[in-house]
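Here full-length UniProt numbering is used: position 126 in the sequence shown is 126, and no number is missing along the way. Note that the Cβ used here is the ideal one computed from N, Cα and C, for glycine as well.
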Amino acid sequence: MGGPHLKFDHQMCMDVEKNTIYVFGGKVLTSSQNVEDRALETSFSGLFAYHVPTNTWHKLRDDSTGSGPQDIRARIGHSMLFHEKSRLLYIFAGQRSKEYLTDFFTYNVDLDQVNILCDGQKTEVSAAGFTQRATIDPELNEIHVLSGSNKDKEKREDNVKNSFWIYDINQNKWSCIYHSDYGQQTSSKESNQEPCPRFAHQLVYDHVRKVHYLFGGNPGRPNCPKVRLDDFWSLQL
């Protein structure tokens with residue numbers, strides 16, 4: 001009882017030490033039968049914690065429409081990672097209705113405190129986008145991001161970029177270590193050397209061997225909108 005409403009496109013992280021699952025964001029499904037009413041009732045889910053041993057939910061934060069230093073705006077298409085040593089959730093990017101978010105903040109799960117690393121107004125998170133995939137290495141204090149779909153503010157259209165970013169937690173600094181100009185006209189030989197741009201892919205990280213694994217996704221090709229990928233790649237930094 002007391003858990004989040006029925007929703008989709010949220011993010012989850014596991015706190016092994018406290019046997020707790022943190023769930024943030026996602027679009028809430030409404031019970032309205034009227035299509036127009038459902039459009040008007042669009043709402044997003046806040047931050048919840050699920051304690052596994054006791055099978056109980058606890059609401060940590062409601063969705064906020066404010067912009068204060070302790071406000072948390074829920075979203076979809078975002079990234080959320082848990083740093084087990086610092087006890088922080090790292091949350092960034094995503095989409096809220098028609099707004100593409102480029103903010104970056106942490107949430108201390110023990111102290112219920114928010115710390116804004118980037119407000120998305122004066123400066124934007126370099127790796128921000130929609131359905132980008134991220135991993136964290138608590139030992140190296142690094143966050144790794146493989147970009148997904150981005151909103152081009154000038155052309156006002158979606159575009160798919162292929163770049164890999166590293167965020168140094170200690171230095172609060174982003175670095176782009178890989179950027180591909182791979183296009184639809186790229187030869188088959190080149191396409192076998194690096195993955196094509198994509199979004200809605202999945203990325204996992206083996207923090208012991210320091211290897212990323214990438215599978216599938218949507219290449220976002222306007223001339224072939226139904227194409228989906230089933231390729232499998234590994235990346236060792």
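Start and end residues, beta strand (DSSP E) containing residue i
i, result
"I143", "142–146"
"L6", "Where L6 is concerned, there is no enclosing beta strand (DSSP E), given that its DSSP letter is neither H nor E."
"residue 310", "Residue 310 lies beyond the range of the chain shown here (1 to 237); nothing can be said about it."
"T106", "104–108"
"C196", "First-last for C196: undefined, no H or E at that position."
"Q236", "229–236"
"R87", "No beta strand (DSSP E) contains R87, which DSSP labels as neither H nor E."
"V114", "113–118"
"D71", "Here D71 belongs to no beta strand (DSSP E), and DSSP marks it neither H nor E."
Proximity to residue i [Cα-Cα], best of the options
i, options, result
"K85", "Y213, C196, G26, V16", "V16"
"H5", "V28, F105, T65, M14", "V28"
"F164", "R133, Y100, F104, S64", "R133"
"Q95", "F104, L88, D62", "F104"
"A128", "S97, I166, P53", "I166"
"G68", "M12, R221, V114", "V114"
"M12", "G2, K18, G26", "G26"
"C176", "C224, L140, V125, P225", "V125"
"Q171", "L140, S180, F82, K161", "L140"
"P225", "V160, Y178, G66", "V160"
Counterpart residues of residue i in DSSP-defined beta bridges
i, result
"E99", "R96"
"T20", "D15, H51"
"K210", "Beta-bridge pairing links K210 to no other residue."
"T135", "H144"
Nearest-angstrom Cβ-Cβ length linking residue i and residue j, presumed shorter than 8 Å
i, j, result
"T135", "Y90", "At roughly 11 Å, the Cβ-Cβ gap does not stay under 8 Å, so T135 and Y90 are not in contact."
"G77", "D9", "6 Å"
"Q236", "V211", "5 Å"
"D63", "F44", "5 Å"
"R75", "L101", "6 Å"
"D137", "H201", "Incorrect: roughly 19 Å between the Cβ atoms, too far for contact."
**OP:** Taking 8 Å as the threshold, find out whether the region 6–23 comes into contact with the region 48–64 through three or more Cβ pairs.
**Re:** yes
**OP:** Would you check if there are 3 or more beta carbon pairs closer than 8 Å linking the region 101–112 to the region 140–148?
**Re:** Judged by Cβ distances under 8 Å, the region 101–112 makes no contact with the region 140–148, as fewer than three pairs qualify.
Original post:
Do three or more CB pairs link the region 217–226 to the region 196–203 at distances below 8 Å?
Top reply: yes
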